[in-house]
Amino acid sequence: MPVSDRPRVVPARAPVRRTSLGLPDGGFRADVEGLRAVAVVAVVAFHLRLGGFAGGFVGVDVFFVVSGYLITRLLLSEVGRTGRISLPAFWARRARRLLPASALVLVVTVVASRWMLNPLAQRSVAADALAAGGFVVNFVFANRLGDYFGAQLGALEPSPLLHVWSLAVEEQFYLLWPVTLLLLTRRPRQYRRLVLAVVLGVAVASLVASVWMTDHHPTWAFYLLPARMFELLAGAAVAVAGGAFTTVNAMYRAALGWFGLAGILVAVGTYDASTPFPGTAALLPVLCTVLVLTAGGRGGAASGPVLVLGHPVAGWIGTRSYSIYLWHWPALVLGQAKFGPLGLPSRVVVVAASVGLAALTYRIVENPVRHHRWLAARPGRGLALG
22 MPVSDRPRVV PARAPVRRTS LGLPDGGFRA DVEGLRAVAV VAVVAFHLRL GGFAGGFVGV
82 DVFFVVSGYL ITRLLLSEVG RTGRISLPAF WARRARRLLP ASALVLVVTV VASRWMLNPL
142 AQRSVAADAL AAGGFVVNFV FANRLGDYFG AQLGALEPSP LLHVWSLAVE EQFYLLWPVT
202 LLLLTRRPRQ YRRLVLAVVL GVAVASLVAS VWMTDHHPTW AFYLLPARMF ELLAGAAVAV
262 AGGAFTTVNA MYRAALGWFG LAGILVAVGT YDASTPFPGT AALLPVLCTV LVLTAGGRGG
322 AASGPVLVLG HPVAGWIGTR SYSIYLWHWP ALVLGQAKFG PLGLPSRVVV VAASVGLAAL
382 TYRIVENPVR HHRWLAARPG RGLALG
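In the numbering used here, the protein residues as written are 22 to 407.
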């Protein structure tokens, strides 16, 4: 679920550079890659059914906040430089970044299911892949599967594409959010205030909807954007207002970062399938991710959680987190379908193999397509990937 185009590296204590609209112009943040690593490790451990990770599904919520932050920062940076947003160019960048790896996994999963699943399940996987390609698979799962936690590895026939529901949510956000920010550019003098007002207003409405839906329609609340929008917009709020925290004492920011990281781990360790989710329960991982993002912004101390999350090992996992997320679940589900229930050692071996596949995908698919000069030269070429 990565969105960063890895802009130039900027020292942690570099002065804040602002665009013509007064918006912070950020650089690459290694600690954000570390947050991605925390998120994907939590999700994978949850799918492995490791003890102490019953709430690992909140890693998806961490991904949502990080995605909202990075996407909004990129869009605001473009507005600051040019006064506008090129929707075709933005969507082409997203297509180059996200679609090649996801298309590869979808195709491989459909082909492998022909060998490993029964005919009825094969047709279901093919239909799920088509829905995933159209960014609507979350609606399909909400309507067909019901409870997310009842469709995990111990279920009778879990879908090997169940995990891509979250990608559909993000892609729907990517379609709507840039258009909203573009419309607000018509009021350049009040742009920052308008964006922040929209972010907060829509986030509150989404949170209210999430609480109500979690109580009355929990399946729809889990899978659909209206009940998840506040998570993405929490990250957007950091992108808009994060510059206001650059004057806060670095020691205090580091303490907030530690508190945020600890809060995420508390959610991972204490939540489980019985937790009504998302609703108010999602506020813990969401707000704690906001704290970590705020702690590591410009002017943040290059120590504490920033130093830990910026470790090269965390960075390696974080940069490959998208492909790891894509590969690990189909590998587990198809492995179980072919060989029967897998013990923990076997599940670990399967996940290790999927990490190898992810590293290979990152090297030969993700990066080459994302940085391909011919594709980047014209937005239409990148959009053709969709």
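For every residue, glycine included, the Cβ atom is placed at its ideal position computed from N, Cα and C.
Looking only at its chain, what residues have a beta carbon closer than 8 Å to the beta carbon of residue i, apart from the 5 residues adjacent to it on each side?
i      : result
GLY336 : ALA51, GLU54, GLY55 and ALA58
PRO299 : ASP82, SER231, THR235, ALA242, PHE243, ALA248, ARG249 and GLU252
LEU217 : ALA258, VAL261 and ALA262
THR206 : VAL100, GLY104, ARG105, ILE106 and TYR212
PHE360 : SER367
What residue range is occupied by the uninterrupted alpha helix (DSSP H) comprising residue i?
i      : result
GLU192 : 186 to 205
PHE251 : 250 to 262
PRO366 : 365 to 382
ASP149 : 140 to 154
GLN173 : Element bounds for GLN173: n/a, residue is neither H nor E.
TYR346 : 342 to 360
ASN164 : 158 to 165
VAL307 : 304 to 316
GLU99  : 80 to 103
PHE243 : 239 to 244
ILE285 : 271 to 291
SER134 : 108 to 137
LEU328 : 325 to 330
Among residues of its own chain, excluding the 5 on either side of residue i, which ones have a beta-carbon nearer than 6 Å to its beta-carbon?
i      : result
ASP82  : GLU252, ALA303, PRO306 and VAL307
PHE194 : LEU253
GLU178 : ALA142
LEU166 : ALA172
VAL225 : none
THR93  : ALA257 and ALA260
LEU282 : VAL313 and PRO326
Quick one: measure Cβ to Cβ for residue i and residue j, integer angstroms, because I've assumed they're closer than 8 Å.
i      : j      : result
LEU96  : LEU202 : 5 Å
LEU314 : GLY256 : 7 Å
THR382 : ALA122 : 5 Å
ILE338 : VAL62  : 7 Å
GLY80  : VAL64  : 4 Å
PRO199 : PHE111 : 5 Å
ALA288 : PHE170 : Contact doesn't hold; Cβ gap of about 15 Å is too wide.
ALA133 : LEU355 : 5 Å
PRO362 : PRO297 : About 29 Å separates the two Cβ atoms, so there is no contact after all.
THR130 : LEU215 : Not a contact, Cβ separation roughly 42 Å.
Cβ atoms of residue j and residue i: under 8 Å apart, would you say?
i      : j      : result
PHE85  : GLY77  : no
LEU188 : LEU353 : no
ASN159 : LEU228 : no
PHE156 : TRP186 : no
PRO209 : GLY101 : no
TRP348 : ALA379 : yes
SER180 : VAL146 : yes
VAL386 : LEU125 : yes
GLY317 : GLY278 : yes
MET137 : ALA358 : yes
PRO326 : ALA275 : yes
CYS309 : GLY284 : yes
VAL368 : LEU141 : It should be pointed out that residue 368 corresponds to Arg in this sequence rather than to Val. Not closer than 8 Å, so no.
LEU127 : ALA148 : no
TYR346 : HIS184 : yes
ALA60  : SER342 : yes
Leaving out five residues on either side along the sequence, give the residues of the same chain with a beta carbon under 7 Å from the beta carbon of residue i.
i      : result
GLY43  : Residue placement at GLY43 is poorly supported in this model, since its pLDDT is 42, which falls under 50; the coordinates are not used for a value here.
ASN388 : none
VAL223 : MET250 and LEU254
VAL190 : ASN159, LEU246 and ARG249
ARG27  : Any reading at ARG27 needs caution, since the residue's pLDDT is 47, under 50, leaving its predicted position unreliable; the model's value is listed next. PHE49.
VAL220 : LEU254, ALA257, ALA258 and VAL261
GLU192 : PHE156
ARG135 : GLN143
ASP168 : THR240
VAL280 : First, the amino acid is wrong: residue 280 is Phe here, not Val. Same-chain partners within the cutoff: LEU312.
THR301 : VAL232
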